Every structure is written in C-alpha cells, then in structure tokens.
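In the working numbering, the protein residues as written are 605 to 924.
Structure (structure tokens):
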C-alpha cells in the first residue's frame, strides 16, 4: 500500500494559498451561493485511534485431540469440557492518508444543501496484543508460551472508507471576499478492510518444553501434545465489509475569485459506526480451525471501534 508523506500536505496548502493570492486582484466579492453548484475536494485525512477486541470460547491446548497420535488419548476432564474464554485488545495507530470528494448541491443563499461522495484510503500500522482486563485466561496464562520473535499481533490493511452523505451548510455573510461556513451531514457509510491476528508458540529450540518443566535436549520425555504444540501458529484472517449509517461535521472558508467560482479550505470530522462480526479462524494450532473435540468450528467475535477520521482539504466550487 502507498504511504502519503507530509510533503504532499504542504504542497497542497501552498498551492491553495498561491491561488488565493493570484485571485486577490479580481473584482469578485463574497456572496451567498444561489443555484446549482458542483464542488471538488482533495486533501489529507487522519484516522482515529482504531481499536479491536477479540472474544469467544477457547479450548485448552492439552485437550486438543488433534495434537495426539491416538485421538482417544486426549483428556476429557471437566476443564476440557468446560473450556475457557479467549480475549484480547488491539490498539492501532493510523497514518495520514489521502481523501477526496465530489458533490452536487443547490444554494438558497445563506443555506445550501448537497449530496456528496467521499472516499479515503488509510494506512494503519500493525500492533501487538495488549494484556489487560480484555484478555482472557487463555491469553494471560500463556504469556510464557509465545515465540519471542513473533509475539501475539494484529494487523489492519487495505482500509478504505466511502460515504454518500446529504450535507447542509450555513454561510456567514460579511463584506470581505472570504465566506466562512459550518455544516453537517449524514447518510450511508461503507467501511472495508482486511483484519489479521496471529499467535505463534515457541518452537522446541526456543524453549517451549521448558515452559512445562521439560528439556529441549530430551523432547521424548515430554507429553505428545507438548511436542506437537511447539511452534504451532493460530491465525485469523477476515475481510470486513460493513455498510451502515454515519454522520459528519464540517467547517471552512471559501474565497470568491469570480462571480461563479470559489476556492477554499475545508475541515471535517467523519463518524462511522462500530463494527461487530463473528469470524472463523483460518488455522488453530497449525491445524483446521476446530475446538478440542476436533469437530466444532473455532469462531470468535471481533469488535472494531474508533473507525472515523479527520480531514483537511482544498475545495473548489463552481456555480452553474
């Protein structure tokens, strides 16, 4: 994925200021928009501090039938039958990204309404699992088992947000060429991204058997399930596509450089709903995503929050 550097933002702002300077000598005056208009926006956005939580039933590793050469050797005690809870919290740090929109509207004077299509692409860094109250015993009790080279981690990639909003603006009239305004909008929001989680256990060489009092130099002395579990990986990959309703708050200022055209700076905050979904794991302990009984699908619940974003853009408006 492409990363958009801060130099783009500086260049965009410099271009907007230069256009305003060149237009300063025109005889245009600030005025309320009347009639049909189109507008184009392009600029930089930054996402909120996105979080995801993982929850759901879990099967203890020693109970996993698929880790035993003879499936009937797997224990079936109370702990194996009752299972435990899997949980975890992941906090992601989005980078600046590119956002753009196109709108068609109608101005009644101080008040105007429009329909806007907005899209952004976001870079979000991968992150490590946070061990706190959200992490169940299946995670906190295994902190000595995870590979030091690949601790529990999560990743959000291919993030794309699209909104089709109806916006309402109120312009503040004054005697200068600059017209400040505020606005709000709401409508359909579509959020798409790929989410990945990974848990990798230590290999025998990394000391997995020693976690249980064994010895890597004498692996045959350790139980079958421990040798089979060493170095295994549990992974979850899911493509998220969530349509819902969202809203935004807007504000900015336009500079009229002709009776029909204006150039401006616009800021916005876009709020989109949280997402909850149930997802089946891709693999559990390096085998099919099933629980300790070897048959029941291994499914967890994922909750995603803080998916909105800020944006600052240059805007061009033309009255038809």
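Glycine residues also receive a C-beta, built at the ideal position from the N, C-alpha and C atoms. This structure is a prediction, so every number in the text was calculated from the model and none was measured.
Quiz item: In three-state DSSP terms, what is residue 902?
Solution: Of the three classes helix, strand and coil, the one that applies to residue 902 here is coil, per DSSP.
Quiz item: If you check the beta carbons only, do residue 704 and residue 913 fall under 7 Å apart?
Solution: no
Exercise. Report the option in 668, 687 and 785 whose CA atom is closest to the CA atom of residue 591.
Key: Outside the shown range of the chain, which is 605 to 924, sits residue 591, and nothing can be said about it.
Exercise. Taking the CB atoms as reference points, tell me whether residue 797 and residue 760 lie closer together than 7 Å.
Key: yes
Quiz item: With which residues is residue 698 paired in a DSSP beta bridge?
Solution: As DSSP reads the structure, residue 698 sits in a beta bridge with 728.
Practice problem: Pair every Cβ in the segment 777 to 793 with every Cβ in the segment 842 to 857, then say whether three or more of these pairs are closer than 8 Å. | Solution: yes
Self-check item: Opening and closing residue of the alpha helix (DSSP H) in which residue 686 lies
Solution: 682 to 686
Quiz item: Whose C-beta lies closer than 8 Å to the C-beta of residue 856 among residues of the same chain, with five residues either side of it excluded?
Solution: Cβ neighbours of residue 856 within its own chain (closer than 8 Å, five residues either side excluded): 784, 785, 868, 869, 870, 871 and 919.
Practice problem: Apply the 10 Å Cβ neighbour rule to residue 922 and answer buried if 16 or more other Cβ atoms are within range, or exposed otherwise. | Solution: exposed
Quiz item: DSSP puts residue 637 in a beta bridge; with which residues?
Solution: 713
Quiz item: In terms of residues, what are the limits of the alpha helix (DSSP H) holding residue 882?
Solution: Element bounds for residue 882: not the alpha helix (DSSP H) but the beta strand (DSSP E), 879 to 884.
Quiz item: Counting only runs that start and end within the segment 741 to 792, where is the alpha helix (DSSP H) found for 4 or more residues in a row?
Solution: 741 to 744
Quiz prompt | Enclosing beta strand (DSSP E) for residue 872 [first to last residue] | solution = 865 to 875
Quiz prompt | Validate contact between the segment 746 to 759 and the segment 675 to 691 using beta carbons, cut 8 Å, 3 pairs | solution = no
Exercise. Spell out the partners DSSP gives residue 661 in its beta bridges.
Key: 689
Exercise. Specify whether the segment 832 to 852 and the segment 812 to 821 touch according to this definition: at least 3 beta carbon pairs, one from each stretch, less than 8 Å apart.
Key: Proximity of the segment 832 to 852 to the segment 812 to 821 meets the contact definition, three or more beta-carbon pairs being nearer than 8 Å.
Quiz item: Are at least three pairs of beta-carbons, each pair with one atom in the segment 767 to 776 and one in the segment 703 to 723, less than 8 Å apart?
Solution: yes
Self-check item: Same chain, Cβ closer than 6 Å to residue 882, neighbours up to 5 away in sequence not counted
Solution: 903 and 905
Quiz item: What is the rounded straight-line gap between the Cα of residue 629 and the Cα of residue 780?
Solution: Because the pLDDT at residue 629 is just 38, under 50, the model does not fix this residue reliably, and the value given afterwards should be weighed accordingly. Approximately 13 Å, taken between the alpha carbons.
Quiz item: Using CA coordinates, which residue listed in 802, 653 and 765 is at the minimum distance from residue 848?
Solution: Nearest C-alpha to residue 848: 765.
Self-check item: Supposed contact pair residue 657 and residue 897 - C-beta distance, whole angstroms, cut 8 Å
Solution: Residue 897 to residue 657, Cβ: 26 Å. No contact.
Quiz prompt | Option nearest residue 800 by Cα separation, candidates 778, 731 and 643 | solution = Of the candidates 778, 731 and 643, the residue whose Cα lies closest to the Cα of residue 800 is 731.
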